[in-house]
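Each residue of the sequence shown is one higher than the last, beginning at 505 in our numbering. We treat Cβ as the ideally placed atom computed from N, Cα and C, and that holds for glycine. The structure displayed is predicted, hence computed values, not measured ones.
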Amino acid sequence: MSDHRFSSVPTEEEPGCCHLSRKVKVCLCVLLCVLLCVLVAVAVVVGVLMWPRATPPRAWNGTGSTPHFSEIVLGRCFTYTQLLRPELGHADCGQIGKAFTNAFLSKDPCHSSEQDYQLLLKLTSQTIPCHSSVFWSKSTQLAHLYTRVRQDMFTLEDTLIGYIADGLNWCGDAGSYEMNYQSCPHWRKDCINNPVSVFWDTVSKRFAENACGEVQVVLNGSVSNTFDKNSTFGRVEIHNLHPGKVSVLKAWVMHDIGGVYSYHTCSSPIIDDLKFILSKRNISFTCEDDYRPIKFLQCVKSPEDSSCRK
Ligand code: 2NF
């Protein structure tokens, strides 16, 4: 009779599942475990980065970031440096774009600071010739019409950094790498230290610090706050003009053509407030109502107005 063995345990002589020594098997197991761990770690990192946010960004009372913000910044930077002012052709628009978004992405949009914008300021430094700086307050359209014709004059928005950012909105969120396109803090309703307000304060300050010679300001005599101590001009710019560099501030108080009522002229007490602040800062001040070169621009739009027929 044959010897039937029913044991399931293989004998020493029987071949195993493969011809590998115990040492090699252990090594393979360890390697497999390490590989698995690396794969899991990579999956977790990718998941965290790519997974849609569990919690949406905080909702604010202001308009969200301008759609295609980064593309607009890049496009404006190239337009300015390659076409409008080729003397700035050496500027690195890629770096400028990155420095701009890095100034506010992944940060609390109510704790923006001047420091956040320092690299951007450095990358967009620009020399504005003396006697050519034009400030404005409550008169954005007219002031820019003026410098559009007088190409040798510069408002902040005629400089690279102002040109890039004018009219845009932007903010991020502390818990995300993304821009917040839904809403951003409103400067009155939410917080004053938001990325946009801090940006304009910072660049306005530098624009004023760098001004030299005779500088101008276009004011609006057809509004109640022709000079507003709380505006960027009244709060930041006039306090950062350098008395040693700026010889005089010339104010042009302009009035709407056909407007029923002129709130203020150069003789109004509100203009004396401006004059007083400048005299304390040892900066000369002159004021002229309806400065003719700017008045002409208004008249182009309203040639039939009686004040344009003189
Ligand atoms: O958007 C701009 N281009 C801008 C914004 C703020 C300041 C330009 N600036 C610079 C310009 F170079 C001018 O010289 O400051 C001067 C004009 O600012 P202003 O405050 O004296 O003039 P306004 O007509 O009162 O305001 C201009 C615009 O800025 C807004 C305001 O609603 C208007 O659209 N603005 C004013 N203050 C703030 C603030 N703290 C503000 N927006 C956000 N935060």
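When you compare the CB positions of residue i and residue j, do they come within less than 8 angstroms of one another, or not?
{"i": "Glu718", "j": "Val752", "result": "yes"}
{"i": "Pro561", "j": "Gln686", "result": "yes"}
{"i": "Phe608", "j": "Gly676", "result": "yes"}
{"i": "Lys799", "j": "Val727", "result": "no"}
{"i": "Ala755", "j": "Leu723", "result": "yes"}
Please find out if some non-hydrogen atom of the ligand 2NF comes closer than 7 angstroms to the beta-carbon of residue i.
{"i": "Lys779", "result": "no"}
{"i": "Thr567", "result": "no"}
{"i": "Ser641", "result": "yes"}
{"i": "Glu741", "result": "yes"}
{"i": "Leu587", "result": "no"}
{"i": "Trp704", "result": "yes"}
{"i": "Trp564", "result": "no"}
{"i": "Gly666", "result": "yes"}
{"i": "Leu753", "result": "no"}
{"i": "Val700", "result": "yes"}
So what's residue i in DSSP terms, helix, strand or just coil?
{"i": "Val722", "result": "strand"}
{"i": "Phe789", "result": "strand"}
{"i": "Trp640", "result": "strand"}
{"i": "Phe658", "result": "strand"}
{"i": "Asp809", "result": "coil"}
{"i": "Gly579", "result": "helix"}
{"i": "Leu782", "result": "helix"}
{"i": "Ser687", "result": "strand"}
{"i": "Asp677", "result": "strand"}
{"i": "Phe731", "result": "coil"}
{"i": "Ala669", "result": "helix"}
What are the partner residues of residue i, as DSSP defines its beta bridges?
{"i": "Met758", "result": "Asn724"}
{"i": "Leu753", "result": "Val719 and Phe789"}
{"i": "Gly566", "result": "Cys688"}
(message) Below 8 angstroms, how does it come out for the stretch 701-710 and the stretch 609-625: are there three or more Cβ pairs, yes or no?
(response) Enough Cβ pairs lie closer than 8 angstroms, so yes.
(message) So, does the stretch 638-657 touch the stretch 765-785, judging by three or more C-beta pairs under 8 angstroms?
(response) Below 8 angstroms, too few C-beta pairs join the stretch 638-657 and the stretch 765-785 to call them touching: fewer than three.
(message) If contact is defined by three or more beta carbon pairs under 8 angstroms, each pair taking one atom from either stretch, is the stretch 577-594 in contact with the stretch 677-696?
(response) At 8 angstroms Cβ cutoff, the stretches do not touch.
(message) Would the stretch 710-717 count as touching the stretch 737-750 if we require 3 or more Cβ pairs under 8 angstroms?
(response) Contact holds: three or more Cβ-Cβ distances are below 8 angstroms.
(message) Pairs of beta-carbons, one from the stretch 664-672 and one from the stretch 535-548, closer than 8 angstroms: are there three or more?
(response) Of all C-beta pairs linking the stretch 664-672 to the stretch 535-548, fewer than three are shorter than 8 angstroms, placing the two stretches out of contact.
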